[in-house]
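Shown next, in structure tokens, is the structure this report addresses.
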Amino acid sequence: MTNNKILAKMRNNQPARGVWLGIPSVHSVRLLARLPLDFMIIDMEHSPTSLENMVNMVAAVTSSGGPQAVVRLSQASSENIKSALDAGAAGIIAPMINTREEAARVVSWAKLPPIGSRSFGSSYAGLTWGQTPAENARISNDQVMAAIQVENKAALDNLDDIFSTPGLDMVLVGPLDLSLSLGIDFFAGQPSAILDEAMEAILAAGRKHNVPVGIYCPSAEIARQRIQQGFLFVNVAMDTTTLIEGVKQALQVSETSIREE
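The numbering of the sequence shown is the UniProt record's numbering, which starts it at 1 and goes up by one.
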């Protein structure tokens with residue numbers, strides 16, 4: 001029985017919903033952690049979030065007693081994965097994975113022996129789960145989410161191999177980079193049969209190998225649509241865009257008032 005609420009939901013075919021964090025702020029985490037979220041993704045690939053920022057943000061998420069912290073790595077490496085999991089993250093997401101060999105390395109770096117090769121050396125991870133270091137070491141492999149991103153057309157030729165990787169807990173689709181690699185203008189906002197076909201192939205591979213599939217969502221409406229499609233790990237908002245849209249809406253409301261005068 002895992003203590004990872006994200007994995008528990010997905011394994012029961014229920015969508016896990018969360019927020020994407022691109023602003024390196026403990027204060028933002030504390031505010032958003034009050035909401036009934038399942039996870040908070042701390043993005044280290046496309047944000048100025050440093051190692052120290054990440055450690056403090058993970059601590060803020062876990063101490064809230066609500067959502068769980070997931071770290072999107074700057075790149076897949078043993079050092080990056082070890083730092084995130086030693087900090088107490090409930091899971092990691094490794095970007096730009098295109099082959100089974102790359103996926104297997106991520107799993108190995110995220111899991112303790114005998115499944116993987118990660119060294120055990122932090123008491124913080126146990127604190128996340130309310131466990132002693134010995135307890136944490138015994139069940140860490142079941143409660144740590146090892147996830148990868150499929151976001152390049154090169155991965156589409158290897159879906160069966162990737163999804164059959166032992167120990168792989170989730171595959172996250174990166175629709176923007178996947179679109180670019182397929183020659184699609186993601187920002188045009190137009191339907192694409194090529195992208196839809198790729199999405200369905202990824203979902204089908206997930207169903208075949210019993211591996212949950214998630215996806216980055218640029219808006220709440222798209223998140224709703226993706227859940228209906230069968231994606232089980234979705235962000236319903238991103239801190240940066242939500243902040244911008246909220247202030248933009250406030251300006252529009254106040255502008256209406258000024259015009260009425």
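Note that CB positions come from ideal geometry on N, CA and C, so glycine has one too.
- Shown here, PHE231 sits in coil according to DSSP, grouped into three states, outside any helix or strand.
- Here MET40 carries a strand assignment [DSSP, helix/strand/coil].
- For ASP177, same chain residues with a beta-carbon under 6 Å away, outside a window of 5 residues either side, are GLU151 in chain order.
- Separation of ILE6 and VAL253 (C-alpha to C-alpha, rounded to the nearest whole angstrom) is 38 Å.
- As computed with DSSP, MET57 is found in no beta bridge at all.
- Uninterrupted alpha helix (DSSP H) stretches at least 4 residues long and entirely within the stretch 11 to 38 occur at 26 to 32, given in chain order.
- In this chain, VAL106 is not harboured by any beta strand (DSSP E); it is covered by the alpha helix (DSSP H) spanning 100 to 110.
- Annotation: ILE139 is outside any beta strand (DSSP E); the continuous alpha helix (DSSP H) that includes it extends over 133 to 143.
- In the structure shown, ILE92 adopts extended strand secondary structure according to DSSP, grouped into three states.
- Looking only at PRO113, LYS208, ASP196 and ALA8, the smallest Cα-Cα distance to ALA90 is reached by ALA8.
- Per DSSP, reduced to three states, the secondary structure at GLN225 is helical.
- Rounded to the nearest angstrom, the Cβ distance from VAL29 to ALA60 is 4 Å, consistent with a contact under 8 Å.
- Within the same chain, ASN98 come within 6 Å of ALA155 by CB-CB distance, once the 5 residues on both sides are set aside.
- DSSP assignment within the stretch 155 to 205 yields the following whole alpha helix (DSSP H) runs of 4 residues or more, N-terminal first: 159 to 163 and 175 to 181.
- In the DSSP assignment, the residues bridged to GLN68 are PHE39.
- Burial is judged here by how many other beta carbons sit within 10 angstroms of a residue's own beta carbon; GLY174 has at least 16 and is buried.
- By the C-beta density criterion, THR241 is exposed, having fewer than 16 other C-beta atoms within 10 angstroms.
- The three-state secondary structure of GLN149, taken from DSSP, is strand.
- Put simply, of ASN13, ILE227 and ASN158 the residue whose alpha carbon is nearest the alpha carbon of TYR216 is ILE227.
- One thing to note: GLU102 has its Cβ no nearer than 8 Å to the Cβ of ARG72.
- Judged by beta-carbon spacing, ALA125 lies within the 8 Å limit of ASN136, meaning their Cβ atoms are closer than that value.
- Between the C-alpha atoms of ALA16 and VAL234 there is a straight-line separation of about 6 Å.
- Apart from sequence neighbours up to five positions away, the residues of its chain that approach ASN56 with a beta-carbon distance below 6 Å are VAL26, ordered along the chain.
- Of all alpha-carbon atoms in PHE39, SER77, ALA84 and VAL70, the one lying nearest the alpha-carbon of GLU52 is that of ALA84.
- According to DSSP, residue pairing for GLY121 in a beta bridge does not occur.
- Taking the Cα positions, GLN143 is about 5 Å away from ASN4.
- Around THR165, the same chain offers ARG100, ALA103, ALA104 and VAL107 as residues with beta carbons nearer than 8 Å, after the five sequence neighbours per side are excluded.
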